[in-house]
Ligand code: 5GP
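Residue numbers (our numbering): 659 to 876.
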């Protein structure tokens, strides 16, 4: 193929997508998000705002925007969130402006949000949203993973296990459900979903012009 043809095909305009990864904590969602961001320069992370305190090793602005409750409430009142929800007694929200900027810049956006956020984003931007739910292979494995993080107290782990079970009950609000038994295999599936979703006809806005030229013999 001539280089000009290949450049033309590569630069076809595509509608950006909102890619949601949800799971109960400990099912491997953060690892999968990190792998995806490292492997794929076309997708960028939506950094949520939260009122929960930072955990050891977390960086403000990178993992979350850590804000106090009055600041969060003010942002919500000012319509600065695409969605927000109460999770584990804290508030979490997706700031609107950075998502719009990323989509304008031609990027897809990755969201690490819970089922409530997935539902709200779907209501806001249905056709552009792809929802993926990650299940752990078993409850025992989930508990082992939560414990091995060593960041949470027993009380917090017990609360997270309860929450995980209720979160799992929302599996049917998603387009894709994966079982994370082997993280590499699960990551390959995430990449396959993203690749197929990017190729959906309605997302490829540049196709109309391309096909028109094609049948004209261009
Ligand atoms: P963690 O405190 O463990 O970082 O996150 C707790 C839960 O909150 C996770 O299920 C995570 O996906 C969810 N979460 C993080 N950011 C947001 C957000 O902006 N909106 C919503 N709805 N959930 C979020």
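Beta carbons are placed, not taken as given, at the ideal position from N, Cα and C, and that holds for glycine.
Distance CB(residue i)-CB(residue j) smaller than 7 Å
i	j	result
residue 834	residue 790	yes
residue 856	residue 673	no
residue 745	residue 757	no
residue 709	residue 739	no
residue 772	residue 691	no
residue 752	residue 706	yes
residue 715	residue 804	no
residue 836	residue 847	yes
residue 776	residue 678	yes
residue 859	residue 671	no
residue 801	residue 819	yes
Rounded Cβ spacing between residue i and residue j (contact assumed at less than 8 Å)
i	j	result
residue 676	residue 763	Rounded, the Cβ-Cβ distance is 14 Å, inconsistent with contact.
residue 734	residue 724	The pair is not a contact, with the Cβ atoms about 16 Å apart (cut-off 8 Å).
residue 822	residue 682	3 Å
residue 719	residue 841	In fact, because the Cβ distance is near 26 Å, the residues do not count as touching under 8 Å.
residue 832	residue 680	7 Å
Spatial distance of residue i from residue j (CA atoms)
i	j	result
residue 742	residue 693	25 Å
residue 845	residue 761	23 Å
residue 869	residue 779	32 Å
residue 867	residue 873	10 Å
residue 700	residue 765	5 Å
residue 830	residue 839	19 Å
residue 721	residue 663	40 Å
residue 736	residue 759	18 Å
residue 728	residue 747	15 Å
residue 774	residue 726	21 Å
residue 796	residue 875	56 Å
residue 812	residue 732	33 Å
residue 786	residue 827	24 Å
residue 702	residue 814	30 Å
residue 698	residue 843	17 Å
residue 885	residue 695	Beyond the ends of the chain as shown, which are 659 and 876, falls residue 885; an answer cannot be given.
residue 809	residue 871	57 Å
residue 806	residue 717	21 Å
residue 781	residue 794	27 Å
is_contact[residue i, chain C] using C-beta, thresh 7 Å
i	result
residue 853	Of the chains in the structure shown, none is chain C; there is only one protein chain.
(message) Whether or not the region 842-859 and the region 788-807 are in contact is what I'm after, with contact meaning three or more pairs of Cβ atoms, one per stretch, closer than 8 Å; do they touch?
(response) Segments in contact, yes.
(request) Scan the region 797-861 and note each continuous beta strand (DSSP E) run of 3 residues or more that stays entirely inside, going in chain order. (result) 834-837
(message) I'd like the ranges of any alpha helix (DSSP H) spanning at least 4 consecutive residues and lying wholly in the region 663-728.
(response) DSSP runs (the alpha helix (DSSP H)) wholly in the region 663-728: 687-697.
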